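Position one of the sequence shown corresponds to residue 1 (the UniProt record's numbering), numbered consecutively onward. Cβ atoms here follow ideal geometry from the backbone N, Cα and C, with glycine treated the same way. Given the structure is predicted, the values throughout are model-derived calculations rather than measurements.
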Amino acid sequence: MDLDQLRYFLQVAREGSFTRAAETLHISQPALSRSIQKLEEEFGRPVFERKTRSVELTDAGQLLQSRAQQVLSILDDTKSELMDDGESGRVRIGAIPTIAPYFLPTVLRRFSQKFPRATVFVQESTTDVLLKSCTQGEIDLAVLALPVPAKYLEVEELFDEELLLVLPTDHPLVEKDKIRVTDVEPFPFVLLDEAHCLSDNIVSFCRQRSFQPVAVERISQLAMVQELVSLSHGISMIPAMARQLDQSDRRVYRSFAGKKPTRTVAVAWNPYRFQSRLLEAFRECLRQ
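Structure follows, in structure tokens:
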């Protein structure tokens, strides 16, 4: 058994497909299949149950997945610790889609200016995926919004951010001097789909004020939510960081009167993994 075999095995387990895993690993599918077959011959047991278009882990495969992740994590941490000079190395960052394009560019630019020899990899995904990747050591930290349902991760709050009401320019609420949350109750909402925690923030805020927002459309990208609002498909609430980058004159943003909807942006990491000086420097950039 060698390390590449373990990495190949984990990628197939992650993708649930030899074809997709081979594409991700940039190797041929026959070579990948031979590698897994040698692994199974060494154990004398199959690690995958082959189906028509997918594969699933056997009981032996589930055990190997857990052990392989531990082995590779130990080796990665050892390498990082031995090479930790505080100036070079890699930092793997994850962020949810409603934060990554609006908040990270400034942080990445500042970090690269201070640490030009460092390499930063960025992964954008939903909260559940990022927490799993962080727990398993596939990324070093995740930037997301609270709450964070993870038992074994360290979580640090960074800042609170206001959610702004976004309206089409011809909407009747545009002319009101003060808009209260109860004013938006009669109007349909355009929200992100349920995989995104921003929708949870919005729905929770409305429920606390005794009404359930009616979502007429569920979208996967925040930019599309903004465009559909411009086309009068509904209204929505948008993080202030996204509003700051919006130069369009086809929609209007308003801050609610009284108690305002907010979300808390936080950073999470696995405290059981090696924490390099470079990683701590990146967290400091986030705090600043």
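For residue j and residue i, the rounded distance between their alpha carbons
i           : j       : result
Glu-280     : Gln-244 : 28 Å
Leu-10      : Ile-179 : 52 Å
residue 292 : Ser-88  : The question about residue 292 has no answer, for the chain in this structure spans 1 to 288.
Val-190     : Gly-61  : 42 Å
Tyr-102     : Thr-127 : 17 Å
Gly-234     : Ala-100 : 25 Å
His-171     : Ala-195 : 28 Å
Gln-71      : Ala-118 : Here residue 71 is Val; the residue named in the question, Gln, does not match the sequence. Approximately 25 Å between the Cα atoms of the pair.
Val-155     : Ala-142 : 9 Å
Thr-98      : Thr-262 : 13 Å
Ser-232     : Gln-221 : 17 Å
Glu-157     : Gln-288 : 12 Å
Beta carbon of residue i nearer than 7 Å to that of residue j
i           : j       : result
Arg-209     : Val-174 : no
Tyr-8       : Ser-28  : no
Arg-251     : Val-184 : no
Met-1       : Glu-42  : yes
Asp-140     : Val-214 : no
residue 289 : Ile-238 : Examination of residue 289 is not possible in this model, given that the chain is present from 1 through 288 alone.
According to DSSP, residues forming a beta bridge with residue i
i           : result
Gly-89      : Ala-118
Phe-48      : Leu-57
Tyr-253     : Val-166
residue 314 : Outside the shown range of the chain (1 to 288) lies residue 314, about which nothing can therefore be said.
Terminal residues of the beta strand (DSSP E) in which residue i lies
i       : result
Phe-189 : 189-192
Ala-268 : 262-269
Phe-159 : 154-168
Arg-180 : First-last for Arg-180: undefined, no H or E at that position.
Val-143 : 141-145
Ile-219 : 215-219
Buried/exposed call for residue i, threshold 16 Cβ in 10 Å
i           : result
residue 289 : Only positions 1 to 288 of the chain appear in this structure, which leaves residue 289 out of reach.
Pro-149     : exposed
Phe-48      : buried
Ala-31      : exposed
Ala-19      : What sits at residue 19 in the sequence shown is Thr, not Ala. It counts as exposed.
Val-229     : buried
Thr-135     : buried
Residue i: first and last residue of the uninterrupted alpha helix (DSSP H) it sits in
i       : result
Met-224 : 222-230
Val-129 : 127-135
Phe-18  : 18-25
Pro-30  : 29-43
Met-241 : 240-244
Closer than 6 Å: residue i CB and nearest the ligand GTP heavy atom
i       : result
Thr-126 : Inclusion of the ligand GTP in the displayed structure is not the case, the ligand content being empty and no account of it being possible.
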